[in-house]
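Protein chains in written order, with the numbering used here: chain A, 1 to 357; chain B, 1001 to 1357.
Protein chains: 2
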Amino acid sequence: MKRYRHEKDILQVLLEVSRKVSSSLDIDQVTRAILQQAKSFLATDYSTLFILDDRSRQLIPIGALGFKSNQLENLTILLGWEKINAELVKTGRAMVVNETRSDFPLGAFIAVPLIKKNKVIGSLIVCNSKKAGTRFTDADKHLLYTLSNQVAVALLNAQLYKNLKDQYVRTVASLAAAIDARDPYTHGHSERVSAYAVAISTALSCTVRFIENIKLAGLLHDVGKIGIRDNVLSKDGALNDDELKKIREHPVIGTRIVHEVISTPLIIRGIREHHERFDGKGYPHGLKGKKISLEGKIIAIADTYDSLTTDRPYRRGVSAKEAVMEIVHCAGTQFDPVIVHAFERSVSRMPDVWRFV
Amino acid sequence: MKRYRHEKDILQVLLEVSRKVSSSLDIDQVTRAILQQAKSFLATDYSTLFILDDRSRQLIPIGALGFKSNQLENLTILLGWEKINAELVKTGRAMVVNETRSDFPLGAFIAVPLIKKNKVIGSLIVCNSKKAGTRFTDADKHLLYTLSNQVAVALLNAQLYKNLKDQYVRTVASLAAAIDARDPYTHGHSERVSAYAVAISTALSCTVRFIENIKLAGLLHDVGKIGIRDNVLSKDGALNDDELKKIREHPVIGTRIVHEVISTPLIIRGIREHHERFDGKGYPHGLKGKKISLEGKIIAIADTYDSLTTDRPYRRGVSAKEAVMEIVHCAGTQFDPVIVHAFERSVSRMPDVWRFV
Chain A
1 MKRYRHEKDI LQVLLEVSRK VSSSLDIDQV TRAILQQAKS FLATDYSTLF
51 ILDDRSRQLI PIGALGFKSN QLENLTILLG WEKINAELVK TGRAMVVNET
101 RSDFPLGAFI AVPLIKKNKV IGSLIVCNSK KAGTRFTDAD KHLLYTLSNQ
151 VAVALLNAQL YKNLKDQYVR TVASLAAAID ARDPYTHGHS ERVSAYAVAI
201 STALSCTVRF IENIKLAGLL HDVGKIGIRD NVLSKDGALN DDELKKIREH
251 PVIGTRIVHE VISTPLIIRG IREHHERFDG KGYPHGLKGK KISLEGKIIA
301 IADTYDSLTT DRPYRRGVSA KEAVMEIVHC AGTQFDPVIV HAFERSVSRM
351 PDVWRFV
Chain B
1001 MKRYRHEKDI LQVLLEVSRK VSSSLDIDQV TRAILQQAKS FLATDYSTLF
1051 ILDDRSRQLI PIGALGFKSN QLENLTILLG WEKINAELVK TGRAMVVNET
1101 RSDFPLGAFI AVPLIKKNKV IGSLIVCNSK KAGTRFTDAD KHLLYTLSNQ
1151 VAVALLNAQL YKNLKDQYVR TVASLAAAID ARDPYTHGHS ERVSAYAVAI
1201 STALSCTVRF IENIKLAGLL HDVGKIGIRD NVLSKDGALN DDELKKIREH
1251 PVIGTRIVHE VISTPLIIRG IREHHERFDG KGYPHGLKGK KISLEGKIIA
1301 IADTYDSLTT DRPYRRGVSA KEAVMEIVHC AGTQFDPVIV HAFERSVSRM
1351 PDVWRFV
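Written out as structure tokens, the structure reads:
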């Protein structure tokens, strides 16, 4: 176990930790940083971070370090942390336990509450395996308490940021759903296309940022249809040339709608290019092959898959299997073969996303 | 000027400052906290904080303390900070100046860059009036540099949060605008109603949080119309009973659309109650007087004002003056007299908001 001899050293480390932990608003990054700092600060084997869940009013685990399994839900039940957390919430005071407790299979531990405005808003528990045989002191407890409460605010900020982001995505989703709802045949379409695009991007090992953005692009890809009148949008028969032209404007109209407000090029391109074809015969710009963005290619397949598998005024939807075959058949003409390949992998590997099929 | 004798004291203060500054994601609060801490840390007369503007790539002032005027734009020109900031960006190094410079009318100053990943992302300048006659030391400069860069990350986080919030509002606005665009007579309606509701709320001295939410509620108040088909929405003649019933469902449909995704009661009530009347003769619930929420009452007036002043299929819009008279005439029947009074004040006091008139 590390020991800091001078208070000055501790303060210096705390400042450093505080800066490191605060340097992100990504809740996963902040969580990991706090756990790593807590673990290395006291040189312990395990550390787990809990946060107050607004709905259940319970402390729930949001990250753990040192365990073999990272299945947080299992960890809580197995290790009986609920009791310890309940004690923390009740007393609001940090605790250090060196003797073995029947409700806690690991060795010595320190548990500290994260406090904001006199309320317990989370907790941090560090512990050692039994065989380590170490004892924690009151000084250790005090140290962990100071550390935790220096960084608690970074955790809360990251949570706030995540909440805003979630609400944003949900708002866009609900507006997109409202647009789909005008036409009984496209009910839930944007949401499904978004989920499919995420699945394909995951199969392509895209970055988290890419996936976040393609989720939004999927939700918004048909937003340009908002400006098209019902009699064209839900027409029962074949569309005439004028109507076809009107419909084919929707990627451009959609781009115009979001362009001023969303500066993310990925989202813009995803909307504009989701009807382009690999062979250059698509619209609105007739882009070909490499000229089409990755996001445009992904949404094109997700969009087609959903169109094929749902009923339309003029035909019934086909089965998932038939739709996949149809898309594979169009690899090299309508679609980029590389993305089609990822699409196939995503179908077999992520069955829960395909819940609408 | 305060002097800290022990490094330990300084570290302790830095930790405290760091926690205080980080405890908010509101950019104004964070700015104020940084300025206050910088000013009291070195007991200086003036402090100004600058941040890198993404568009212009210039350091622009976002807050100042100690000056008589808080007109930040004027301050920059008057005091010639641009040159100092240009030097900071060029060298990336803090500077302390005790002699009088021709381009800087105040006395001694310290200017430190805020740095992230080797890039200058802002600056902090503290200075004393000439008559104070104090000299700054290299130790002071070092102290301010440490302080600034400990809190720079809090400033960046707050900026990130603000950007996300702005993008959120702009996205909702663009979708609302797209909904309005289906009907040529309601073009820009939601945006104007939102601006009017903000003006009325300001006249009522509502909180910043209230105003932020009513802005969104105004943008979303007609979102329920998205589910109403064109032939009803844009009908040229009088509506029959069925069509009237359909139209009158829009506050409830709108509530349903956003209810699952937006948990803010203010926004929900604003949408649901914007067609309620003070005398209980409104829809959908026939609420009366105090039973109607403040937000519902505000949006009702903003909505009516915009309807009156714009052309409709069946009549031409009236002048702003006539519309105000009409609304005042309905105080006590259709509208809450208190809100009508605030509305009148907002018309005369905030002419720039009424730009559409």
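Every residue, glycine too, gets a C-beta built ideally from N, C-alpha and C. Just so we're clear, the structure is a prediction, and the values are computed from it rather than from any experiment.
Item	Value
Would you say B/Arg1057 lies against chain A (beta-carbon separation less than 8 Å)?	no
B/Glu1007 versus chain A: which residues are under 7 Å apart at the beta carbon?	Lys8
Can you pull the chain A residues whose beta carbon is under 8 Å from the beta carbon of B/Ala1154, in chain order?	Ser22
Roughly how many angstroms separate the alpha carbons of B/Val1120 and B/Lys1090, rounded to a whole number?	9 Å
Determine, for A/Ile51, whether the minimum Cβ-Cβ distance to residues of chain B falls below 8 Å.	no
Examine the Cβ distances between the stretch 213-225 of chain A and the stretch 325-341 of chain A and report whether three or more of them are shorter than 8 Å.	no
Using 8 Å for Cβ pairs, my map puts B/Ser1018 next to A/Leu15. What's the rounded Cβ distance?	7 Å
Along the chain, where does the alpha helix (DSSP H) containing B/Thr1304 start, and where does it finish?	1294-1309
Alpha carbon to alpha carbon, how far is B/Leu1164 from B/Ala1094? Give it in angstroms, no decimals.	31 Å
Which residue comes first and which comes last in the alpha helix (DSSP H) that contains B/Lys1020?	1007-1022
On the three-state DSSP scale, how would you describe A/Leu143?	helix
Taking Cβ positions, are A/Val193 and A/Ile299 nearer each other than 8 Å?	yes
In the stretch 1158-1182 of chain B, which residue ranges form an unbroken alpha helix (DSSP H) of at least 4 residues, counting only runs that do not cross its ends?	none
Assuming A/Ser346 contacts A/Ala199 under a Cβ cut-off of 8 Å, what Cβ separation, rounded to an integer in Å, is found between them?	4 Å
Who are the near neighbours of B/Gly1092 in its chain, counting only those whose CB is closer than 8 Å to its CB and skipping five residues on each side?	Pro1113, Ile1115, Asn1118, Val1120
Any residues in the stretch 1153-1187 of chain B with a beta carbon nearer than 8 Å to a beta carbon of chain A? Which ones, in chain order?	Val1153, Ala1154, Asn1157, Leu1160, Tyr1161, Leu1164, Lys1165, Gln1167, Tyr1168, Arg1170, Thr1171, Val1172, Ala1173, Ser1174, Leu1175, Ala1177, Ala1178, Ile1179, Ala1181, Arg1182
Only counting the same chain, and skipping five residues up and downstream in sequence, which positions put a Cβ closer than 7 Å to that of B/Leu1025?	Asn1157, Ala1158, Tyr1161
Could you compute how far the alpha carbon of B/Asn987 sits from the alpha carbon of B/Leu1124?	Chain B is shown from 1001 up to 1357; residue 987 of chain B falls before or after that span and cannot be answered.
So A/Lys116 is in the beta strand (DSSP E); what residue range does that whole segment cover?	109-116
Taking Cβ-Cβ distances shorter than 8 Å, what residues in chain B pair up with A/Asp230?	Arg1229, Asp1230, Asn1231
Does A/Ser174 pass the burial test, meaning 16 or more other C-beta atoms within 10 Å, or should it be called exposed?	buried
A/Leu220 and A/Ile271 - do their beta-carbons sit closer together than 8 Å?	yes
What residues of chain B sit near A/Val258, judged by a beta carbon separation below 8 Å?	Thr1171, Ser1174
For A/Asp230 versus A/Arg182, is the C-beta distance shorter than 8 Å?	yes
Using a C-beta to C-beta distance shorter than 8 Å, which residues of chain B count as neighbours of A/Val223?	Leu1175, Ala1178
A/Ile402 bridges to which residues according to DSSP?	This structure cannot settle anything about residue 402 of chain A, because the visible part of chain A is limited to 1 through 357.
Pull up the CB-CB distance for B/Val1126 and B/Ser1023, whole angstroms please, since I reckon it's below 8 Å.	About 22 Å; that fails the 8 Å criterion.
Could you confirm whether any beta carbon from chain A is found closer than 8 Å to the beta carbon of B/Ile1034?	no
Helix, strand or coil for A/Phe343 per DSSP?	helix
Are B/Ile1062 and B/Leu1049 touching if we call contact CB-CB under 8 Å?	yes
Could you tell me which of B/Pro1337, B/Asp1303, B/Gly1066 sits nearest to B/Gly1188, measuring between CA atoms?	B/Asp1303
Quick one: give me the first and last residue of the beta strand (DSSP E) that A/Val97 is part of.	95-97
Expressed to the nearest angstrom, what Euclidean distance is found between the alpha-carbon atoms of A/Val353 and A/Glu191?	Below a pLDDT of 50, predicted positions are generally treated as unreliable, and A/Val353, at 39, falls in that range; no measurement from the model is reported.
Just to confirm my understanding: we take A/Phe356, look at its own chain, exclude 5 residues before and 5 after, and list those with CB closer than 6 Å. What are they?	Note that A/Phe356 has pLDDT 38, beneath the 50 cutoff, so the model's placement of it is unreliable and the number below is only indicative. So the qualifying residues of the chain are Arg192.
On a Cα-Cα basis, can you pick out the residue from B/Gly1218, B/Tyr1168, B/His1259, B/Tyr1314 that is closest to B/His1275?	B/Gly1218
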